[in-house]
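Take the sequence shown: its position 30, counted from the start at 1, is 30 in the UniProt record's numbering, and no numbers get skipped.
Ideal Cβ placement from N, Cα and C applies to all residues, glycine included.
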Amino acid sequence: MENELKPYIHVAQYYETDQMKIIHHSNYIRWFEEARVDFLDQIGANYANLEEVGIISPVLSVEAHYKTMVRFGDSVYVLTEIDSYSGVKLGLTYRVIDVATGELRTTGKSKHCFLNEEGRPVSLKKVQPHVHASFETYREHVFSV
1 MENELKPYIH VAQYYETDQM KIIHHSNYIR WFEEARVDFL DQIGANYANL EEVGIISPVL
61 SVEAHYKTMV RFGDSVYVLT EIDSYSGVKL GLTYRVIDVA TGELRTTGKS KHCFLNEEGR
121 PVSLKKVQPH VHASFETYRE HVFSV
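The following block contains the structure:
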């Protein structure tokens, strides 16, 4: 893993707008997912690779807090950070920030767990120690800064 993670950038699309000509609230959850997949890939916990070995990571909960509006054509960073990690469960936070102004547009959180193909919880520490190490390394990196 590199020292610096690259922020995920999303350009707001016309089809994401609502009748009020702002981004519809449901799209932020999709942006969180896009950013989460990108983030996991950057820290060495590639989601597709986990699925290939029979591990899925369903969403247990998700929330968003809207601060200011995003409009068609705006570019935003979706910054993802680990909030909690136990080996079995993962909590992430998100900040949506306007690229041009630096203004915070939205914040959010999501909780996930790791399950095997039978739908039973698994510990990444036991079944995928290299992925577990990726989460631990990232967490240590963030908190040591």
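Identity of the residues DSSP links to P121 by a beta bridge
Partner(s): L115.
To which residues does DSSP link A64 through a beta bridge?
According to DSSP, which records beta bridges pairwise, A64 is partnered with G108.
List in chain order: all unbroken beta strand (DSSP E) runs of 3+ residues lying wholly within the segment 21–71.
Complete beta strand (DSSP E) runs here, min 3: 59–66.
If you measure from the beta carbon of A35 to each beta carbon in chain C, is any gap under 8 Å?
Although the question refers to chain C, the structure presented lacks it and comprises just one protein chain.
Can you tell me which of L5, K21, S134 and Q128 puts its alpha carbon nearest to the alpha carbon of S72?
Reading the sequence as shown, one finds Phe at residue 72 and not Ser. The shortest C-alpha separation from F72 is found at K21.
Nearest CA to the CA of Y90: which residue from E63, N49, S75 and F114?
First, the amino acid is wrong: residue 90 is Leu here, not Tyr. In this structure, F114 is the residue among E63, N49, S75 and F114 with its C-alpha nearest to the C-alpha of L90.
When you compare only the Cα positions, how much space is there between R139 and I82?
Taking the straight line joining both Cα atoms gives about 7 Å.
Out of A12, A35 and E34, which has the shortest C-alpha to C-alpha gap to H24?
That would be A12, whose Cα lies nearest to the Cα of H24.
Ignore the nearest five residues each way along the sequence and tell me which others in A45's own chain have a CB closer than 6 Å to its CB.
In chain order, V131 and S134 place their CB closer than 6 Å to the CB of A45, counting only its own chain and leaving out the 5 sequence neighbours on each side.
To the nearest angstrom, how far is it from the Cα of R95 to the Cα of F39?
Their Cα atoms are separated by approximately 13 Å.
Please report how far the alpha carbon of E34 lies from the alpha carbon of L50, in whole angstroms.
If you take the alpha carbons of E34 and L50, they lie about 16 Å apart.
Buried or exposed: E117, going by 16 or more other Cβ atoms within 10 Å of its Cβ?
Under this definition E117 is an exposed residue.
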